[in-house]
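Asker: My questions will all concern the structure given below.
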Amino acid sequence: VNALDALGNTPVHLAVRACRVDILNLLISNGARLTTSNRDGLQPVHLASELAFVAGLKRLLDYKDVEVDALDERGSTPLYHCFMLDSDECVRILLDRGTNIYHKNAFGSSVLHEAILQHAVKCVHLLFEHEIVKCLQDGLKRTKKLSSTLTAVEPVDQKKSTSLLSRIGDWIGVGVPSSRRSSTLSTSSEPTSTSSLINLVDDEGFSPIHIAVNTGNMELIKACLDRGANVLAQDLAGQTPLHYACTRGDLDCAKALLEHNPKYKARMISTVNRDGRGPIHLAAMYDHPNLIDYLLSQGAELNARDNKSMTPLLLAGSKGSVEASKHLVNIGAELTCCDENGRNLVSLLLFSGAGAARDIIPDLMKTGQLPVLFNQPDRWGCTFMHISARLGLRVAMRIGAQFGGHILAKDSEHSTPLHSAARFGRIQICQYMLEMNEGKRALFLADDKGRLPLHLAAQYGNNRVVEFFLANGCLYRRCHEGNTPLHYAAMKGNADTCALLLAMNPSILNEVNYTGSTALHFAAMHANADVINYLLTAGADVIPDHNGLYFTSLAFQPGSYFASRTIALHKRFPEIAAKLWNTDQCPIEKMIRNAPSILLLVLDVHVTECGIRNTPEHGTKYDFTVLQAPPRVTDKRPVAPMKLVKLMVKLKREELLIHPLCTAYLDVKWNTYGRWIQFLVTLYYLSLSISITWLALRQMPLSVNYDNPQTSQCMDKLYVHRSNSAMNRIILVMILICNGFHVLIKSFELFSQRWEYFKEWTNCLLSIFQILVGLSAMLNLLEYRTPHGAALTLIVMFISWFNLLLQLLRFQSIGIFVIMFLQVSTTIMKSASVLSMLFFAFAVTFHKLLTLPEEQEFDESPQFLKNRLAFCFLGFQHLNQSTTDRPDADLSMKVYANMGLALFQTLMMMVGEYEHTDVITKPYLDSQASTIYIPELTFPFFALFVFLVPISLMNLMIGLAVGDIDNVRRSATQQLIAQQVYWLESLEARCPMWLYRRIYVPFWIRRTATTIKKRDPHQHEVKRDMEKLLELASGLSELIQRNRSKIDQIVQHLGVSKYETETDQGNYDEVNFMFGQAQSTKGSGVGGKQ
-19 VNALDALGNT
-9 PVHLAVRACR
1 VDILNLLISN
11 GARLTTSNRD
21 GLQPVHLASE
31 LAFVAGLKRL
41 LDYKDVEVDA
51 LDERGSTPLY
61 HCFMLDSDEC
71 VRILLDRGTN
81 IYHKNAFGSS
91 VLHEAILQHA
101 VKCVHLLFEH
111 EIVKCLQDGL
121 KRTKKLSSTL
131 TAVEPVDQKK
141 STSLLSRIGD
151 WIGVGVPSSR
161 RSSTLSTSSE
171 PTSTSSLINL
181 VDDEGFSPIH
191 IAVNTGNMEL
201 IKACLDRGAN
211 VLAQDLAGQT
221 PLHYACTRGD
231 LDCAKALLEH
241 NPKYKARMIS
251 TVNRDGRGPI
261 HLAAMYDHPN
271 LIDYLLSQGA
281 ELNARDNKSM
291 TPLLLAGSKG
301 SVEASKHLVN
311 IGAELTCCDE
321 NGRNLVSLLL
331 FSGAGAARDI
341 IPDLMKTGQL
351 PVLFNQPDRW
361 GCTFMHISAR
371 LGLRVAMRIG
381 AQFGGHILAK
391 DSEHSTPLHS
401 AARFGRIQIC
411 QYMLEMNEGK
421 RALFLADDKG
431 RLPLHLAAQY
441 GNNRVVEFFL
451 ANGCLYRRCH
461 EGNTPLHYAA
471 MKGNADTCAL
481 LLAMNPSILN
491 EVNYTGSTAL
501 HFAAMHANAD
511 VINYLLTAGA
521 DVIPDHNGLY
531 FTSLAFQPGS
541 YFASRTIALH
551 KRFPEIAAKL
561 WNTDQCPIEK
571 MIRNAPSILL
581 LVLDVHVTEC
591 GIRNTPEHGT
601 KYDFTVLQAP
611 PRVTDKRPVA
621 PMKLVKLMVK
631 LKREELLIHP
641 LCTAYLDVKW
651 NTYGRWIQFL
661 VTLYYLSLSI
671 SITWLALRQM
681 PLSVNYDNPQ
691 TSQCMDKLYV
701 HRSNSAMNRI
711 ILVMILICNG
721 FHVLIKSFEL
731 FSQRWEYFKE
741 WTNCLLSIFQ
751 ILVGLSAMLN
761 LLEYRTPHGA
771 ALTLIVMFIS
781 WFNLLLQLLR
791 FQSIGIFVIM
801 FLQVSTTIMK
811 SASVLSMLFF
821 AFAVTFHKLL
831 TLPEEQEFDE
841 SPQFLKNRLA
851 FCFLGFQHLN
861 QSTTDRPDAD
871 LSMKVYANMG
881 LALFQTLMMM
891 VGEYEHTDVI
901 TKPYLDSQAS
911 TIYIPELTFP
921 FFALFVFLVP
931 ISLMNLMIGL
941 AVGDIDNVRR
951 SATQQLIAQQ
961 VYWLESLEAR
971 CPMWLYRRIY
981 VPFWIRRTAT
991 TIKKRDPHQH
1001 EVKRDMEKLL
1011 ELASGLSELI
1021 QRNRSKIDQI
1031 VQHLGVSKYE
1041 TETDQGNYDE
1051 VNFMFGQAQS
1061 TKGSGVGGKQ
């Protein structure tokens, strides 16, 4: 009986919906729950009230579990649901059961609000009657308590007694006769009410009288007024009921409100809302002339102003309320008044977009003030003619010119209406104005910046207006900043505008203004990609302005992607790059810093396919001029030959360095001269390493006592002869000479680079190597033979071979492996710092656990001490035997007796040489307590060492080798390219100019292998066809626009006039510029679109 369906309804809900009392009784008798809510939050008692199921409602309320004020999900009681069908019977039942008539739901609405909103007239009357009865009952109870006080009043206090009796009457809800009311009550400043229900407000401040007025139900309005509704009540917006009546245009409602209590009439009419608008403002705004007449007859002020200085006439005009505006004009409303922005009636009518606004012209003509209104400026100095031209309202412009509007009127910027029309592309308005003599004069008038209408039309890309002005003989004058019309066209215009201007006057292409800027500078400054492309194609000169800035410095800025891309892909870009190569405004350098993605496109352009496919001439051409400028005749030495590639390395532009053009660029330099130079350098270091190794092998042994005379004689006979041989001396002299020459070269580098030279660890190693080589060679020439000298030669020999390994870095085939070896070594060193703590801890542990007793000291001790040591320490028991019966300890065990050897042995164990058989197994099985005397501690530590150190170290190395191999390879590639770039750059910087011209390669063609394969018939043809289709589609939009313009002209010439074609062409997205809160411009104001 309590099961739920898909909507959360129980059988009780369904029985109530079906209005079946018998089923409801059956369910109740079987223990069904009566307070369950469905998914909408409704209990059966809510449904019964909503459906006017009287019998079911009575049956449900008979049970104590069912609350008469049960709440649904919106906080509404069953009483709210009775109003949907205006069920007074259900309301009466709930009232008899004690429901709360002052309850508010979650939205702050009381039951009376809901009843009025649902037009439940019977329920409203029933609520009022119930409140009267309830207040009467409560008042009678309180009267009994006050009876003694009333009887004790003296006759002289009759006035006070009457006043008190009046208050009691108000308290109990029953009106006291007027003859007995106090005079103070009749002179109250606010309307009073004997009902608290009628004056309840919701969350928006709406009282029941507000709701009743908005419903327009006169019966409900009169019921609220009769119940004492406060006619001066204001909601949160400050609106009184009369405001809403005037908004709706309900004359009967307004009369009922004003005539109900005449003493509040003046206050009701003069009360304003939060915007400062009274009822007459709203009646005018919503176009209700009959209400305007009535309010004026009741004392409303005709020219009252709101917070924005709007009179009813101005407000009606701004909202397009033409009938109200006409009526206010005819009854004498002030015409010359303006709002806070200085706009009068005709200006506001233009902004309203009302097509019927032209109908007010005859009424305005009767006043004789129409020319004054047309020429009255607003806050910005704009007249009716300016606004009409700006909005493109042709009919309004004709009406204004016909009835006294000045075409030469100027606003605060000294702009004429022709300036406004030119700016927004109103071609037909411009044509109409130039038909008049004043319009022709306006064509040559300048604004406060010296701009003619032609300048503005060019600036905003209005091509038809520009063409029209040029056809009518407009002059090419400069503005006050020296800008020509082409300068303005380069700002926000388009290429077509520039083409029109240059077709009439080609000489202005390279004209400069007073700051030295050309039109190309302006186009770059405003990131106008189309104009940049056109001007460059037209042959604009690349010159700096007075500040030395070229247009590329203005274009290659963050946020100017398309402008930068246009310059970079233009056919004149190599010329521009060559001109600015050795300046701080190099465009390629700016692209490397700010726009590497654009430079990738430039590099792609310089990799082209040449020759015919499947022929020996076919190949890929790499043009290196974008990366390195050709040498000039005036250059005495190479000027920053590889600065661009070096900058890529410095900024870590990996995507640029691995581009095929950069890769080919480095390959060509390597194949041209780099590999031969590096081969000679490697050969030099190889010879040096072999020579040092030769000297080290022919030196005396290190483990010789040189102070012993007998040893000295033997060494002289065996080694001195060959150490002092002529071959050795020649090698030493050559080593000294080459090393001195090398030190001299590096000194120049150190002098030029200073401390930057030592930032590379290879330079530090090479400097140490050169110093040690020279010192070792000098000692050998001076026949200074000591173990330290021999050791120094060995160290120099090792560094020489390691330096030879570093020289292999520059060979591309094996250099990457050398770099990876160095990176892996670095990683191992970093991990060794982590394991060093464990290494030291285990070494000390094994030293203490595996140390054997001192056998020599034990043998030298007296017998009684031997017996005592053997008795006290288990480790000495096996020594307290004869030397023949005593077993010898294994050598591996003896290693741990010395702390240094224990550290070394532990290090070897870390890399896999455990020797557990000799160190652990055999000593444990030899039955000697001296070898492993604490096996309970030795075995766990050894096992812990095996798991923590060798296994962890191997897994760490494998993980780094496998997981980080991509990063290592990528980093190695970057380092290989970086060191190759820096090395090649250092070579070319020191190269003489005659040799540099010989090794300079402007381009390289990589020939492809000739293959014979079937030609794909669709691969290139389809691509070309798609490109043609895209070019054809790009012109469709412009073609459609031209056709529409021609159709409009044909329609106009045929005399077919309709409102849709009476709005001029042009730009409507900037119509509200400089006009503050301009409203919608979808039609004309005076004679515009309807």
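Per this note's numbering: the sequence shown = residues -19 to 1070. Where is the CB? At the ideal position from N, CA and C, for every residue including glycine.
1. With a cut-off of 8 Å, do at least 3 Cβ pairs link the stretch 655 to 674 to the stretch 623 to 630?
2. Sort out for me which residues DSSP pairs Cys566 with in a bridge.
3. Just the C-alpha distance for Tyr60 and Gly185, rounded to the nearest angstrom, thanks.
4. Pick helix, strand or coil for Ser90, following the three-state DSSP scheme.
5. Using a C-beta cutoff of 8 Å, does Ala381 count as contacting chain C?
6. Tell me where the alpha helix (DSSP H) around Thr588 begins and ends.
7. Let me know the secondary structure DSSP gives Asp603 once reduced to three states.
8. Where does Arg228 fall in DSSP's three states?
9. The beta strand (DSSP E) that contains Arg457, what's its start and end?
10. Starting from Phe749, trace the alpha helix (DSSP H) in both directions and tell me its first and last residue.
11. Is Arg403 helix, strand or coil when you go by DSSP?
12. Are the CB atoms of His366 and Ser392 within a distance shorter than 8 Å?
13. Along the beta strand (DSSP E) that carries Ile985, what are the first and last residues, could you check?
14. Have a look at Arg734 and His506 and give me their C-alpha separation to the nearest angstrom.
15. What is the residue span of the alpha helix (DSSP H) that Asp521 lies within?
16. Which term fits Tyr43, buried or exposed, when burial requires 16 or more other beta carbons within 10 angstroms of its beta carbon?
17. Got a sec? Which residues, its chain only, sit under 7 Å from Leu275 by beta carbon, not counting five neighbours each side?
18. For Asn(-11), count the other beta carbons within 10 Å of its own beta carbon; 16 or more makes it buried, fewer makes it exposed. Which is it?
19. Bridge partners for Lys84 per DSSP, in chain order?
20. Whose C-alpha, out of Thr988, Ala376, Asn324 and Val1031, is nearest the C-alpha of Val352?
21. How far does the alpha helix (DSSP H) with Ile1071 in it reach, from first residue to last?
22. Would you please state the rounded distance, in angstroms, between the beta carbons of His240 and Val211? I believe it to be under 8 Å.
23. Hey, out of Leu646, Leu293, Gln537 and Leu423, whose CA is closest to Arg573's CA?
24. With distance defined between alpha-carbon atoms, name the residue in Gly539, Leu480, Thr477 and Ala543 nearest to His501.
25. Go ahead and pull the three-state DSSP assignment for Pro269.
26. With C-beta atoms as the reference, is Leu1076 less than 8 Å away from Ala518?
27. Are there 16 or more other CB atoms within 10 angstroms of the CB of Pro242, so buried, or fewer, so exposed?
28. Sorted by chain position, which residues of the same chain lie with C-beta nearer than 7 Å to Leu294's C-beta, five sequence neighbours on each side aside?
29. Compute the beta-carbon to beta-carbon distance between Val511 and Ala503, rounded to the nearest angstrom, for a pair I have assumed lies under 8 Å.
30. Roughly how many angstroms lie between the CA atoms of Phe449 and Leu1019, to the nearest whole one?
31. Would you mind sorting Lys551 into buried or exposed? The rule is 16 or more other CB atoms within 10 Å of its CB.
32. Going by beta-carbon coordinates alone, are Val1 and Gly55 separated by less than 8 Å?
33. DSSP on Thr643, reduced to helix/strand/coil?
34. So is the beta-carbon of Asn179 under 7 Å away from any non-hydrogen atom of the ligand FAD?
35. Rounded to a whole number of angstroms, what is the C-alpha to C-alpha distance between Lys102 and Thr15?
36. Scan the stretch -2 to 33 and note each continuous alpha helix (DSSP H) run of 4 residues or more that stays entirely inside, going in chain order.
Answerer: The structure says:
1. At 8 Å Cβ cutoff, the stretches do not touch.
2. As a working mapping, residue 566 is identified with position 586 in the sequence shown. For Cys566, no pairing in a beta bridge is given by DSSP.
3. On the sequence shown, residue 60 is found 80 positions in, with the first residue counted as 1. On the sequence shown, residue 185 is found 205 positions in, with the first residue counted as 1. Tyr60 and Gly185: Cα-Cα distance of roughly 19 Å.
4. Position 110 of the sequence shown, counted from the start, is the residue given in the question as residue 90. It is a strand residue.
5. The question asks about chain C, but that chain is absent: this structure has only one protein chain.
6. Counting from one through the sequence shown, the residue named residue 588 turns up at place 608. Careful: Thr588 lies outside any alpha helix (DSSP H), inside the beta strand (DSSP E) at Val587 to Cys590.
7. Numbered from 1 along the sequence shown, position 623 holds the residue referred to as residue 603. In the three-state scheme derived from DSSP, where H, G and I count as helix and E and B as strand, Asp603 is classed as strand.
8. For the purposes of this step, residue 228 is identified with residue 248 of the sequence shown, where counting begins at 1. DSSP places Arg228 in helix when its eight states are reduced to three.
9. By 1-based counting over the sequence shown, the position of residue 457 is 477. Run containing Arg457: none; DSSP gives neither H nor E here.
10. For the purposes of this step, residue 749 is taken as the residue at position 769 of the sequence shown. Trp741 to Leu761 is the span of the alpha helix (DSSP H), which, as asked, contains Phe749.
11. Here residue 403 refers to the residue found at position 423 of the sequence shown. If DSSP states are grouped into helix, strand and coil, Arg403 belongs with the helices.
12. Locating residue 392 in the sequence shown gives position 412, where the first residue counts as 1. Locating residue 366 in the sequence shown gives position 386, where the first residue counts as 1. Their beta carbons are not under 8 Å apart, which means Ser392 does not touch His366 by this criterion.
13. Mapped onto the sequence shown, residue 985 falls at position 1005. Per DSSP, Ile985 belongs to the beta strand (DSSP E) from Phe983 to Arg987.
14. Working through the sequence shown from its first residue, we reach residue 734 at position 754. Working through the sequence shown from its first residue, we reach residue 506 at position 526. If you take the alpha carbons of Arg734 and His506, they lie about 44 Å apart.
15. Here the question's residue 521 lines up with position 541 in the sequence shown. Counting along the chain, Asp521 falls outside any alpha helix (DSSP H), and DSSP gives it neither H nor E.
16. Numbered from its first residue, the sequence shown carries residue 43 at position 63. Counting Cβ neighbours within 10 Å, Tyr43 comes out exposed, since fewer than 16 surround it.
17. The count along the sequence shown starts at 1 and reaches residue 275 at position 295. Excluding residues within five positions, the ones whose Cβ falls inside 7 Å are Ile249, Pro259, Ile260 and Ala263.
18. Sequence index remark: in the sequence shown, residue -11 carries index 9 (1-based). So Asn(-11) counts as buried.
19. As a first step, residue 84 must be located in the sequence shown, where it is residue number 104. Answer by DSSP bridge pairing, in chain order: Ser90.
20. In the sequence shown, the residue the question calls residue 352 occupies position 372. When each option's Cα is compared against that of Val352, the closest is Asn324.
21. Since the displayed the chain opens at -19 and closes at 1070, residue 1071 lies outside it and no answer follows.
22. Working through the sequence shown from its first residue, we reach residue 240 at position 260. Working through the sequence shown from its first residue, we reach residue 211 at position 231. Confirmed, about 7 Å.
23. Against the sequence shown, residue 573 aligns to sequence position 593. Nearest neighbour of Arg573 by Cα position, chosen from Leu646, Leu293, Gln537 and Leu423, turns out to be Gln537.
24. Counting from one through the sequence shown, the residue named residue 501 turns up at place 521. Taking only the C-alpha atoms, the option nearest His501 is Ala543.
25. Against the sequence shown, residue 269 aligns to sequence position 289. Helix.
26. Within the shown structure, residues of the chain are numbered from -19 to 1070, placing residue 1076 beyond reach of any answer.
27. Against the sequence shown, residue 242 aligns to sequence position 262. The residue is exposed, with fewer than 16 neighbouring Cβ atoms inside 10 Å.
28. What you label residue 294 is simply residue 314 of the sequence shown in a count that begins at 1. Here the set comprises Cys317, Asp319, Leu325 and Leu328.
29. Translated into the one-based positions of the sequence shown, residue 511 becomes position 531. Translated into the one-based positions of the sequence shown, residue 503 becomes position 523. 4 Å between Cβ atoms; contact.
30. Your numbering for residue 449 matches position 469 in the sequence shown. Your numbering for residue 1019 matches position 1039 in the sequence shown. Their backbone Cα atoms lie some 23 Å apart in a straight line.
31. Here residue 551 is taken as the residue at index 571 of the sequence shown, counted from 1. Lys551 should be labelled exposed.
32. Working through the sequence shown from its first residue, we reach residue 1 at position 21. Working through the sequence shown from its first residue, we reach residue 55 at position 75. Cβ atoms of Val1 and Gly55: not closer than 8 Å.
33. The count along the sequence shown starts at 1 and reaches residue 643 at position 663. In the three-state scheme derived from DSSP, where H, G and I count as helix and E and B as strand, Thr643 is classed as helix.
34. With respect to small molecules bound, the structure shown includes none, and the ligand FAD cannot be examined in it.
35. For the purposes of this step, residue 102 is taken as the residue at position 122 of the sequence shown. For the purposes of this step, residue 15 is taken as the residue at position 35 of the sequence shown. Roughly 29 Å between the two C-alpha positions.
36. If we require 4 residues or more, the alpha helix (DSSP H) runs fully inside the stretch -2 to 33 come out as 1 to 9 and 24 to 30.
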